[in-house]
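Asker: One structure follows; several queries about it will come next.
In the working numbering, the protein residues as written are 33 to 999.
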């Protein structure tokens, strides 16, 4: 059977007055560009397809589009767009045009577009109804800790302490402001999503191209796309010419995707494989396109992500849950003791009623933990400041504490584990597979790189005196490799005059360029291995051409498939010397090529990614990879960075799984590929439902819902989108995955130090209440005057907030498993520590107090002795509580400068208060004898030190157990 008649493929050529390649000469097109079959010819129903108007981004005349066989000017009969739209990629072009009631040539008329815009609303991601600000404030005030602060503020107001009341109210305003801010963050994320839409778009209205604001696009509008354009709405492609779109922010795929008008795809085709569609916010990197708008605003893929972000709710942190549980019983406990002490004082000790009422009020204000939220805020705030100095900006204060509980990290691949830039990783040349650096000095490599540089649409620009390559990442990777190997890209191009080019498209899968150098014409070709090898008759082998027989052809393609299975994008490069009388049509150019080699490109792992994954594993944190990229690429990167097992599961395989089945899958699967934002969100929710505290890292639009839903959302600050940064809790300013490890360690240290601070803070309050209670039970006056209690509380608060937050980490902090997120903050260990520390300080206070009282020194001297012992014992107890496990001596007394400053200030204040008469009178302090000072110092130093003895004993037992295990 005779082959069907084909029209020759016309070629773009330079005009006679051409300039050199390096100076971007002007092109003209001789003849029309036809496709390889009648189906794809540049005519529709006997009429020529409408041409695009030139844009500033154009380089010469525009080639004709590949056009599916369909009728021109299809207009729907009566009816409107369906409420539940079909999968547009699964519909033929004709059916799409009918469904949206549009004409491929004339588009919509202005009146029709206006009516649709009024009916459907603007092409924006406007949010649903927003709650009034006052409702959000009232909601924040319903928190138990807020109610506690309000009650304390009212109490201060009722007894006339207006300054204290105003201070408490100021704290309420600050804490409420933080809560309201968190509620508004989702709305800001939506606003950032809106900015991704193109501000303007070129559309065809009544047959003429016009530029309109993207918000005024309507379903059925015909949109013209060119290099550098952001796709303004979800569109079905009608015609394309070498169109490539960067969808990395939506799907996570590193390489721009080739697009084609083509026939209908399968309904279940994954988002990243829908080559007949282009989606809102993605970027056109090359080629041209004509498309029809099928979805706008909230109905787009980007709008769907916006809805996911808006619907995601930040889970309360473990600390917030613990504080809610704690607040109630602490208040009642403090009020109970504050009532018991004055009642017992009046009944048992026969103390004056008015004195006991004042003492009761003072104890209530001193023991109700109204400073606890402030203390936690201070500790978290200082911790967040220190994280910022280590390239991690905390946007949500409570997230600093949650970092310490992270048990799973779900990371994106592109831009997080990898550099988000293509580079040459491996080359098959001269019959050998070699790494890219081994190509230097090879004659075959010189020819291969020259051909790859010529068959290349990337451009060379100069910025601040430095060369930059602009264009498709694959093309720029070749230019970068050529320059890195010492080749002068500009000279290579300037020495050649480009005569013609057959651009890359997804039908041919190759690009061919005819250039002339020193009077000799040659063809340089680059493309998919199967496409390039098909037009080659020889291969360069050990520096000389060898006939490409079927066996060698099969071996080469098999090697290319093996390289691709390793996660590389494989391209073939070929060349041919043209006879002087050769024509420039496709049939004359693309034949009898000599294959120079196969090139494997990759988006390489970041240098620090492997170490970061290893450190997280050592800390008991499981690492998952969630990417929209191909399974082979995901598997290769996972294996290289140490995520095991590196066997990927495709996102479409999750659709049929129940939540229980997905949870089971997550127990032994670490890599997920070709996933959508819904898949990523579902995985995060499944992990959290199984008790994991999940940190999600990402930088793209597709990461935003999961970033918002996770306990910790971590966005990249440099390459991350505004959407990701707004949805995240933590922003890495250096885009370094290793900073996640730093943040996890800092979170663990912060949480440990917060426990130490709260334990010390509440132990001091226990001592205050216990000492007063024991005194009245012994029918003695309360050991402290109200004004002394105020001073003691001041030093106690400063010590808890400033000292413990500066405590350096204990050595094994990153060798411990993540803490159980369900474990209460005030666990048994915490309760025993508070009780033991409080009773120790109580004993240190009562010994000198009772000794002075028994020796007839008088109430003033006894209370002064109690006050002095409390101050010294407080400093000593804080020293012992600085480490939860490790003894103090090996860590060093001077390892925490903040503690030293606070301790010296406390001792100095004590001495000044006792020795300086005006201060002594103001605080009701009396002079003390040497014997009293000796008892005070001995009690304050020795009694709390049992804590250190216990830590030493436990440390020795632990070390002995480790030695036995090692033996």
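Beta carbons are placed, not taken as given, at the ideal position from N, Cα and C, and that holds for glycine.
When you compare each of 328, 842, 978, 585 to residue 871 by their alpha carbons, which one comes out closest?
Answerer: The residue labelled residue 871 in the question sits at position 839 within the chain shown. The option with the nearest alpha carbon to residue 871 is 978.
Asker: Hey, could you find the ends of the beta strand (DSSP E) residue 269 is sitting in?
Answerer: One-based indexing of the chain shown puts residue 269 at position 237. Its beta strand (DSSP E) spans residues 266-278.
Asker: Going along the chain, which unbroken runs of the alpha helix (DSSP H) with 4 or more residues stay wholly within the region 748-785?
Answerer: Annotation: the region 748-785 contains the following complete segments of the alpha helix (DSSP H) (minimum length 4 residues), in chain order: 754-759.
Asker: Quickly, what does DSSP pair residue 459 with across the bridge? List them, please.
Answerer: In the chain shown, counting from the first residue as 1, residue 459 sits at position 427. In DSSP, residue 459 forms a bridge with 466, 631.
Asker: How would you label residue 981, buried or exposed, when you count the other beta carbons within 10 angstroms and need 16 or more for buried?
Answerer: Mapped onto the chain shown, residue 981 falls at position 949. In the assembly as shown, residue 981 is an exposed residue. Its beta-carbon has fewer than 16 other beta-carbons within 10 Å.
Asker: If you draw a straight line from the alpha carbon of residue 314 to that of residue 549, how long is it in whole angstroms?
Answerer: Translated into positions along the chain shown, residue 314 becomes position 282. Translated into positions along the chain shown, residue 549 becomes position 517. Going by the C-alpha atoms only, they are around 39 angstroms apart.
Asker: For the beta strand (DSSP E) containing residue 657, name the first residue and the last one.
Answerer: The sequence position of residue 657 within the chain shown is 625, counting from 1. Counting along the chain, the beta strand (DSSP E) containing residue 657 begins and ends at 654-658.
Asker: DSSP three-state call for residue 369: helix, strand or coil?
Answerer: Here the question's residue 369 lines up with position 337 in the chain shown. Residue state, collapsed to three classes: helix.
Asker: Identify which residue in 709, 948, 926 has its Cα closest to the Cα of residue 336.
Answerer: Translated into positions along the chain shown, residue 336 becomes position 304. It is 709.
Asker: Any idea what DSSP makes of residue 948, helix, strand or coil?
Answerer: Looking up residue 948 in the chain shown gives position 916. Correct three-state label for residue 948: coil.
Asker: Is DSSP giving residue 297 helix, strand or coil here?
Answerer: One-based indexing of the chain shown puts residue 297 at position 265. Residue 297: coil per DSSP, three-state reduction.
Asker: Between residue 242 and the rest of its own chain, which residues show a CB-CB distance below 7 angstroms, the 5 nearest in sequence each way excluded?
Answerer: By one-based count along the chain shown, residue 242 stands at place 210. So the list reads 235, once near-sequence residues are dropped.
Asker: Let me make sure I understand the geometry here. Which of 260, 292, 837 has the alpha-carbon closest to that of residue 267?
Answerer: Numbered from 1 along the chain shown, position 235 holds the residue referred to as residue 267. Of 260, 292, 837, the residue nearest in Cα terms is 292.
Asker: On the CB-based measure, 16 or more other CB atoms within 10 Å of its CB, does residue 285 come out buried or exposed?
Answerer: The sequence position of residue 285 within the chain shown is 253, counting from 1. With 16 or more Cβ atoms within 10 Å of its Cβ, residue 285 is classed as buried.
Asker: Give the C-beta separation of residue 609 and residue 552 to the nearest angstrom, bearing in mind that I take them to be a contact with Cβ-Cβ under 8 angstroms.
Answerer: Taking the first residue of the chain shown as position 1, residue 609 is located at position 577. Taking the first residue of the chain shown as position 1, residue 552 is located at position 520. Between residue 552 and residue 609 the Cβ distance is about 7 angstroms, and since that is below 8 angstroms, they are a contact.
Asker: If you check the beta carbons only, do residue 769 and residue 443 fall under 8 angstroms apart?
Answerer: Against the chain shown, residue 769 aligns to sequence position 737. Against the chain shown, residue 443 aligns to sequence position 411. Yes, the pair counts as a contact, with Cβ atoms nearer than the cut-off.
Asker: What is the DSSP secondary structure of residue 232, counted as helix, strand or coil?
Answerer: Here residue 232 refers to the residue found at position 200 of the chain shown. DSSP places residue 232 in strand when its eight states are reduced to three.
Asker: What number of angstroms, rounded off, separates the C-alpha of residue 326 from the C-alpha of residue 125?
Answerer: Walking along the chain shown from the start, residue 326 turns up at place 294. Walking along the chain shown from the start, residue 125 turns up at place 93. Taking the straight line joining both Cα atoms gives about 11 angstroms.
Asker: Once you ignore the five residues that flank residue 656 on each side, which residues in its own chain have a CB closer than 6 angstroms to its CB?
Answerer: For the purposes of this step, residue 656 is taken as residue 624 along the chain shown, with counting starting at 1. If we look at residue 656 and ignore the five residues flanking it on each side, its Cβ neighbours are 442, 702.
Asker: Can you tell which of 437, 331, 974, 943 has the C-alpha that lies nearest to the C-alpha of residue 651?
Answerer: Here residue 651 corresponds to residue number 619 of the chain shown, with the count starting at 1. Per the Cα distances, 437.
Asker: Taking the straight line between their C-alpha atoms, what separation do you get for residue 713 and residue 119?
Answerer: Numbered from 1 along the chain shown, position 681 holds the residue referred to as residue 713. Numbered from 1 along the chain shown, position 87 holds the residue referred to as residue 119. In a straight line, the C-alpha of residue 713 is about 22 angstroms away from that of residue 119.
Asker: Using a 10 Å radius around the Cβ and a threshold of 16 neighbouring Cβ atoms, would you call residue 227 buried or exposed?
Answerer: Within the chain shown, residue 227 is the residue found at index 195, counting from 1. Because residue 227 carries a pLDDT of 46, less than 50, the predicted location of this residue cannot be relied on, and no value is offered for it.
Asker: Let me know if residue 194 comes out buried or exposed under the rule of 16 or more other beta-carbons within 10 Å of its beta-carbon.
Answerer: Working through the chain shown from its first residue, we reach residue 194 at position 162. Exposed.
Asker: Can you tell me the Cα-Cα spacing of residue 729 and residue 772, whole angstroms?
Answerer: Your numbering for residue 729 matches position 697 in the chain shown. Your numbering for residue 772 matches position 740 in the chain shown. Distance between the alpha carbons of residue 729 and residue 772: 9 angstroms.
Asker: Out of 311, 457, 843, point me to the one whose CA is closest to residue 282's CA.
Answerer: Here residue 282 refers to the residue found at position 250 when the chain shown is read from its first residue. Closest by alpha carbon: 311.
Asker: Please state if the CB of residue 661 and the CB of residue 1003 are separated by a distance shorter than 8 angstroms.
Answerer: The structure shown does not extend to residue 1003, since the chain is modelled only from 33 through 999, so no value can be given for it.
Asker: Please report the straight-line C-alpha distance between residue 973 and residue 965, rounded to a whole angstrom.
Answerer: Within the chain shown, the letter at position 941 stands for residue 973. Within the chain shown, the letter at position 933 stands for residue 965. Going from the Cα of residue 973 to the Cα of residue 965 covers about 12 angstroms.
Asker: Using DSSP with H/G/I as helix, E/B as strand and the rest coil, what is residue 584?
Answerer: Taking the first residue of the chain shown as position 1, residue 584 is located at position 552. Helix.
Asker: Per DSSP, residue 530 is paired with what?
Answerer: By 1-based counting over the chain shown, the position of residue 530 is 498. In DSSP, residue 530 forms a bridge with 547.
Asker: Whole angstroms are fine: how far does the CA of residue 726 sit from the CA of residue 720?
Answerer: Locating residue 720 in the chain shown gives position 688, counting from the first residue. Locating residue 726 in the chain shown gives position 694, counting from the first residue. Cα-Cα distance, rounded: 7 angstroms.
Asker: So, residue 600 versus residue 633, is the Cβ gap smaller than 8 angstroms?
Answerer: In the chain shown, counting from the first residue as 1, residue 600 sits at position 568. In the chain shown, counting from the first residue as 1, residue 633 sits at position 601. Result yes, Cβ atoms of residue 600 and residue 633 sit closer than 8 angstroms.
Asker: Between residue 278 and the rest of its own chain, which residues show a CB-CB distance below 7 angstroms, the 5 nearest in sequence each way excluded?
Answerer: Numbered from its first residue, the chain shown carries residue 278 at position 246. Annotation for residue 278: 288, 314, 315, 317 place their beta carbon closer than 7 angstroms to its own, counting only its chain and skipping 5 residues before and after.
Asker: Return helix, strand or coil for residue 792, following the three-state DSSP convention.
Answerer: Looking up residue 792 in the chain shown gives position 760. In the structure shown, residue 792 sits in a helix (DSSP, three-state: H, G or I).
Asker: Could you tell me whether the Cβ atoms of residue 795 and residue 866 are closer together than 8 angstroms?
Answerer: Numbered from 1 along the chain shown, position 763 holds the residue referred to as residue 795. Numbered from 1 along the chain shown, position 834 holds the residue referred to as residue 866. The beta carbons of residue 795 and residue 866 sit closer together than 8 angstroms.
Asker: How would you label residue 885, buried or exposed, when you count the other beta carbons within 10 angstroms and need 16 or more for buried?
Answerer: Within the chain shown, numbered from 1, the residue matching residue 885 stands at position 853. Under a 10 Å Cβ-count criterion, residue 885 is classified as buried, with 16 or more other Cβ atoms of the shown protein chains found around its own Cβ.
Asker: If you reduce the DSSP assignment to three classes, tell me which class residue 850 lands in.
Answerer: Numbered from its first residue, the chain shown carries residue 850 at position 818. Residue state, collapsed to three classes: coil.
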